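Asker: Okay, here's the structure, questions in a sec.
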Amino acid sequence: MASFLLILVFLLCYLLHVKFPLGVPSNELVGCTGVAKKGRMGLVIVHDCSKTLDGSTEELRSALSHKKEKLAITSIHTLDPATVLSLFRRMIDEDCELLNLGDRPEKLIITEIAVPPVPIRPSVFVGGGGGRMSNEDSITCILKNIVNTNSILKGTLQSGEPLAKCFDCWQHLQLQVVEYINSDAPCLIDSQHRGLIQRLKGKTGRFRGNLSGKRTEYTGRTVISPDPNLRITEVAIPILMARVLTYPERVSYYNIEKLRQCIRNGPHKHPGANFILQPDGTKLHLKYCDRRIAARDLKYGCIVERHLEDGDIVLFNRQPSLHRMSIMSHRARIMPWRTLRFNESVCNPYNADFDGDEMNLHVPQTEEARTEALMLMGVQNNLCTPKNGEILVASTQDFLTSSFLITRKDSFYDRSSFTLLCSYLGDAMENIDLPTPALIKPIELWTGKQLFSVLVRPNAFTKVYLNLGVREKICTKKCALTVEDKTSEAVHDAMCPNDGFVYFRNSELLSGQVGKKTLGE
C-alpha cells in the first residue's frame, strides 16, 4: 500500500509540475505549478500552487498574469480520484515510456473491485432446528454495503438530485471501499470490520498464521536452561516430554527384545511405548491392553511407537528463525526436571539467552528425515555461518575464564587432580597417554598447558597435529628484540613476559594462556 501511494504521488507530481497539453510534444515544458501531497483524510491529494519546488516561480507568475484569475497562484486544489483518473488518461504513451511505466497509469485508480470466493468469507450458521440463522463474514457485509451505496449513487445521478447530495453519496462509497481494503485507515472511525490488509498482516494473518505457521504433531516447547556438561551436539529432554514424543521403530531381529521391554513398560514408564501398528494397519493402544500378551505376540515387521531415548535425532529451533542456523539437529539426552537444556556454546546461532526464553523441539518420524537432519542440519556441520565464514559455535563465558586460568604458568596439578581432569575430556572408552610430568621432585606435577595438550591429542594413535600461533590480548606489542637484526626490531612473540602468545607445535601447547582469541569467536 505504501509503495502504491508513492507511485501515485510521483505520477501526480510529474503531471502537475510539467504540463503536457494535448497535441504538444513532451519536450515542451510549461513550468512548475506547485507541490502535490496527500490530504488530511487520506482520500484526496492536495495540490498547493503557492509552494514550488524549484526556481521557476517568476516564470509561473508571468504565465498566470495573462489569466483573469488573479489568485490562481495561491490557490489550493483538491484532487479527487475522478480528477486524477482524468489526468492519467491524458498521458500519452511517450510519457509512460519516459517514466518507465510498464502499463497505463490509469490502472492505478480502482474502478472495479475484485470479489473473493465464498471459502474466503464463509457464512457461520447459529441455532438449531428450524430457527437456524447465518452470520455473514465481515467482507461479505462490506461488499453488500458497497453494492447498495453504488446503486443509490446511480439512482441519485439518474434522477437529477442536487450535486451536494451526489457528492456525499460518492464520499460514502469511497469510505466503504477504503474499509474493504484497510479498516485501520485514519479516515475511518471505529470500524467494526476487518479489511483485506488486516486479514493478511500480523502474527494471526494469512501469511504468518496460516501459510508459514502450522500446528504439527511430534513437537514440544518449554523453557530453556544451560548445561555445560552436555556436548554441543546434545540437548537434554525432560522425561515428561520424552514419554509423549514417540518415534515409530520397525521390529527386526536386532531390536525385538528391546522393543518388547518397551512394550512391557507401557506408556507411563520410560523407556516405554504408546502404540503398536500391525502390518494390516491395526493400531493397538498399550494403555488399554494386556502389555505382556502384546510383547509376547510381537512379530517382525510391526511398528512400535516407542518413547524418545538417548541418541535419537531431534530438531531444535528458536524463534524468530532469521537464518539457517536457527534450527539445527541435536542428539537427545533424556534427563529429569522440566526444561530443555543444551550447552551454552550453542547460544550464538540461536541468539538465545536464559532469561525465560522458550524453544521448540521437532522429532523426525522417518529414517530418511533423520539422516537429512543429521547430515545437513547437525551442529557439527554448521559451526561457521555461510554469510562470511565467521565461527558461531565457540567457547564462551566460563569456558574462556577457566581455560585462561588453567593455562597460567603457575598452574600445577598432582597425579590425582590431573587424571581426574583428563577423565572429563571426552569419551570414557578412549585411551589417554599421560605425558611426562613437568616437575618430578619432590612430587610429580603436571601443568595446565599439558592438560590442553592431552585434550588436543589424547594418545599416540590420534592423528591430530596442530600447529598454531595466536596473539592473545595480554600479549605486549614488543616482547623481545632479536640480537641478529637490531635495525628491523623484529619481535619474538613466543618470549612474551605476559605469556600472551599461544603457540601449539605438533598438538603440544608450548606457551601462552589460552583465551578468547584462541577458543572464542
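As numbered in mature numbering (1 follows the signal peptide of the UniProt record, and there is no 0), residues -23 to -1, 1 to 498 make up the sequence shown, in order.
Beta carbons: idealized from backbone N, C-alpha and C, even for Gly.
In this text, all values refer to a predicted model and were calculated from it rather than measured experimentally.
1) Specify whether the region 477 to 484 and the region 432 to 447 touch according to this definition: at least 3 beta carbon pairs, one from each stretch, less than 8 Å apart.
2) Do ARG273 and ILE240 have their CB atoms nearer than 7 Å?
3) What three-state label does DSSP hand PHE478 in the structure shown?
4) Taking the C-alpha atoms as reference points, what is the distance between ARG283 and GLN342?
5) In this structure, does DSSP put ALA467 in helix, strand or coil?
6) Apply the 10 Å Cβ neighbour rule to HIS24 and answer buried if 16 or more other Cβ atoms are within range, or exposed otherwise.
7) Does DSSP put LEU496 in a helix, in a strand, or in coil?
8) Note down, in chain order, each residue of its chain lying with its Cβ closer than 7 Å to the Cβ of ALA350, except the 5 sequence neighbours on either side.
9) Which same chain residues, not among the five before or five after ARG392, have their C-beta less than 7 Å away from its C-beta?
10) Taking all protein chains shown into account, decide if SER394 is buried (16 or more other Cβ within 10 angstroms of its Cβ) or exposed.
11) DSSP has TRP423 in a bridge; who is on the other side?
12) Would the region 195 to 209 count as touching the region 301 to 318 if we require 3 or more Cβ pairs under 8 Å?
13) Using beta-carbon positions only, say whether LEU353 and ASN325 come within less than 7 Å of one another.
14) Classify TYR442 as helix, strand or coil using the three-state DSSP reduction.
15) Output needed for HIS149: all residues of its chain with C-beta closer than 7 Å, excluding positions within five of it in sequence on either side, in chain order.
16) Mapping the DSSP letters down to three states, classify CYS361 as helix, strand or coil.
17) Sort LYS246, HIS247, TYR265 by Cα distance to ILE253 and report the nearest one.
18) Quick one: give me the first and last residue of the beta strand (DSSP E) that GLY132 is part of.
19) How many Å lie between ILE383 and THR223 at the Cα?
20) Measuring only the C-alpha atoms, how far is ILE451 from GLN175?
21) What number of angstroms, rounded off, separates the C-alpha of ASN122 from the C-alpha of ALA162?
22) Quick one: measure Cβ to Cβ for residue 501 and LEU402, integer angstroms, because I've assumed they're closer than 8 Å.
23) Report the rounded CA-to-CA distance for MET406 versus SER400, giving the unit in angstroms.
24) Taking VAL212 as part of the beta strand (DSSP E), name the residues at either end of that continuous run.
25) Give me the DSSP bridge partner(s) of GLY288.
26) Go ahead and label THR55 buried or exposed: buried means 16 or more other beta carbons lie within 10 angstroms of its beta carbon, across all protein chains shown.
27) Thinking C-alpha only, which one of ALA329, CYS279, PHE429 is nearest THR259?
28) Checking 7 Å against the spacing of the C-beta atoms, do ILE311 and ILE216 come in under that value?
Answerer: The short version:
1) Yes: at least three Cβ pairs fall under 8 Å.
2) It is not a contact, given that the beta carbons lie outside the stated cut-off.
3) PHE478: strand per DSSP, three-state reduction.
4) Looking at the two C-alpha atoms, the distance is approximately 11 Å.
5) Note that ALA467 scores a pLDDT of 38, beneath 50, so its modelled location is shaky; the value from the coordinates is reported in the next line. Assignment of ALA467 by DSSP, reduced to helix, strand and coil, places it in the coil class.
6) Counting the other CB atoms within 10 Å of its CB gives HIS24 a total of 16 or more, which places it among the buried residues.
7) Under the three-state reduction of DSSP, LEU496 is assigned to helix.
8) Residues ILE290, LEU292, SER306, PRO341 of the same chain have their beta carbon placed closer than 7 Å to that of ALA350, with the five preceding and five following residues left out of the count.
9) Result list for ARG392: GLU421, in chain order.
10) Classification of SER394: exposed, given that the 10 Å Cβ count is below 16.
11) According to DSSP, which records beta bridges pairwise, TRP423 is partnered with TYR390.
12) Yes, since at least three Cβ pairs between the region 195 to 209 and the region 301 to 318 fall closer than 8 Å, the two stretches touch.
13) Taking 7 Å as the Cβ cut-off, LEU353 and ASN325 do not qualify as a contacting pair.
14) In the three-state reduction of the DSSP assignment, TYR442 falls in the coil class.
15) If we look at HIS149 and ignore the five residues flanking it on each side, its Cβ neighbours are THR126.
16) DSSP places CYS361 in strand when its eight states are reduced to three.
17) Closest option to ILE253, Cα to Cα, is TYR265.
18) Secondary structure note for GLY132: it is in no beta strand (DSSP E), and the uninterrupted alpha helix (DSSP H) holding it is 115 to 135.
19) Taking the straight line joining both Cα atoms gives about 43 Å.
20) Put simply, the backbone Cα of ILE451 is about 57 Å away from that of GLN175.
21) Going from the Cα of ASN122 to the Cα of ALA162 covers about 18 Å.
22) Outside the displayed span of the chain (-23 to 498) sits residue 501, for which this structure offers no information.
23) In a straight line, the C-alpha of MET406 is about 10 Å away from that of SER400.
24) VAL212 -> beta strand (DSSP E) spans 211 to 215.
25) For GLY288, no pairing in a beta bridge is given by DSSP.
26) For THR55, the number of other beta carbons within 10 angstroms of its own is below 16, and it is reported as exposed.
27) Ranked by Cα distance from THR259, the options ALA329, CYS279, PHE429 are led by CYS279.
28) Yes, these two residues count as a Cβ contact at 7 Å.
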